[in-house]
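Data first, discussion second: the structure below is written as structure tokens.
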């Protein structure tokens, strides 16, 4: 049975949330029905008073005043983070505000209303996700993470409950990334951003999906914690359980920090070797050995599932990812990358032979050859230059020896 990681509202809190139905927020939105309830509040369907389509509104509702003040900061951070992100795979935030009530200010976040279910619900119902669907979901998440990381936003709470599945254009596994309330904002060039409101030394996230450095409450976490979490999600989609389990949160975090993730094939032998290697690299404890960026991991995934190549954006091959939280991830400069012609199915369709020539220069990593095989969107680590010839050194040493012998013979002749 998959462990539940979403927050459930207590019965009394649920009643309080139901009482908000029919009320108006900000003089602009009428709450029509409760869609979901959690520890921090509820999500409602709402009708704009000015007219238009229904929207979803997340409303903060916490009884403890101290907790309300702290969590209000998360709401503000989520609004600020997600509003700045533009991606078809990230939920669209339309508005944000705060309603004054007798119990104090009540922040709310207005988003597009999605139809479907989150990945956590699907896993609780079906147990596992077919390989093809799991890779398709992962590819979309990587596009969302690529956009977020470029904008200086690290999610830090990526889990199945924050991946919403919606049927779009016949794609039953189309998804959008939700809930940036735990996000860490990092300054971009010539900009300053307020950092996360968490205290130093505080571990942030959901234990099953926390990277080792995140579990240790390291201060320098970057986008690689999101890639680790995605590796854990893929592992769970294919096996029906997270890679690390335990009866307490402490047991889970200790295992994450001290033991290697199990091989996904130990639980599901039919998983292809390349997929198992991709998941293993994402779940490596040493973050220096993981994928350096979301685009690099997506390129490796395309090698396994060529059909997802249409999601790989052009700049992932032709521009330097200078805003990535992981600075060593350098993309090949435009003048060294081959021209990739467009097609009706996207500029990086798997059927294009030119895809084989796309290269990404990355910092040398052990076992990097495991991701360098294949033909579609494959990463090719540039080989080290051949060692310089040592012949001149040998010639120089031989000449010195001959000269030394000649000097010795001449000295003996003079002495005689």
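Residue numbers (my numbering): 6 to 421. We put the beta carbon where it would ideally sit given N, CA and C, even for glycine. Predicted, not measured: the structure shown is a model, and the values here were computed from it.
Are residue i and residue j close, meaning C-beta to C-beta below 8 Å?
i           : j           : result
residue 159 : residue 228 : yes
residue 96  : residue 173 : no
residue 66  : residue 22  : yes
residue 269 : residue 284 : yes
residue 213 : residue 237 : yes
residue 153 : residue 90  : yes
residue 239 : residue 163 : no
residue 169 : residue 119 : yes
residue 94  : residue 134 : no
residue 161 : residue 226 : yes
residue 220 : residue 262 : yes
residue 76  : residue 116 : no
residue 84  : residue 101 : yes
DSSP three-state call for residue i: helix, strand or coil?
i           : result
residue 279 : helix
residue 333 : Summary for residue 333: the model assigns pLDDT 35, below 50, so the residue's position carries little reliability; its value from the coordinates is reported in the next sentence. Coil.
residue 217 : helix
residue 64  : strand
residue 169 : strand
residue 290 : coil
residue 46  : strand
residue 309 : helix
residue 75  : helix
residue 424 : With the chain covering only 6 through 421, there is no way to say anything about residue 424.
residue 315 : helix
residue 179 : strand
residue 366 : Here residue 366 scores only 30 on pLDDT, less than 50, and its place in the model is too uncertain to base an answer on.
residue 226 : coil
residue 304 : helix
residue 82  : helix
residue 41  : strand
residue 401 : helix
residue 406 : helix
residue 30  : strand
residue 22  : helix
Kindly give me the distance between the Cβ atoms of residue i and residue j, rounded to whole angstroms, as I take these residues to be in contact under 8 Å.
i           : j           : result
residue 243 : residue 316 : At roughly 20 Å, the Cβ-Cβ gap does not stay under 8 Å, so residue 243 and residue 316 are not in contact.
residue 111 : residue 60  : Residue 111 to residue 60, Cβ: 17 Å. No contact.
residue 26  : residue 40  : The Cβ separation is near 11 Å, so there is no contact.
residue 183 : residue 167 : 5 Å
residue 62  : residue 33  : At roughly 10 Å, the Cβ-Cβ gap does not stay under 8 Å, so residue 62 and residue 33 are not in contact.
residue 248 : residue 267 : 6 Å
residue 31  : residue 132 : Actually they do not touch by this definition, with Cβ atoms about 42 Å apart.
residue 216 : residue 233 : 4 Å
residue 51  : residue 36  : 5 Å
residue 241 : residue 318 : Not confirmed; about 27 Å, so no contact.
residue 185 : residue 87  : 5 Å
Does the beta carbon of residue i fall short of 7 Å from some heavy atom of the ligand GDP?
i          : result
residue 97 : Inclusion of the ligand GDP in the displayed structure is not the case, the ligand content being empty and no account of it being possible.
Does the beta carbon of residue i come closer than 8 Å to any beta carbon on chain C?
i           : result
residue 134 : The structure shown contains no chain C; it is built from a single protein chain.
**the region 140-157 / the region 309-317 touching (three or more Cβ pairs under 8 Å)** = Here the region 140-157 makes contact with the region 309-317; the two share three or more CB pairs at distances below 8 Å.
**Message:** Using a Cβ distance threshold of 8 Å, determine whether the region 112-128 contacts the region 281-293, with at least three qualifying pairs required.
**Reply:** By the Cβ rule, the region 112-128 does not count as touching the region 281-293, because fewer than three pairs are nearer than 8 Å.
**Prompt:** At which residue ranges does the region 85-151 contain complete alpha helix (DSSP H) runs of 4 or more residues, listed in the order of the chain?
**Reply:** Fully enclosed alpha helix (DSSP H) runs of 4 or longer: 124-131.
**Message:** With three or more beta-carbon pairs closer than 8 Å as the criterion, would you say the region 244-263 touches the region 296-303?
**Reply:** These segments do not touch.
**Sequence ranges, alpha helix (DSSP H) only - wholly within the region 229-285, length at least 4** = If one requires a minimum length of 4 residues, the alpha helix (DSSP H) runs lying completely within the region 229-285 are 229-244, 254-263 and 269-272, in chain order.
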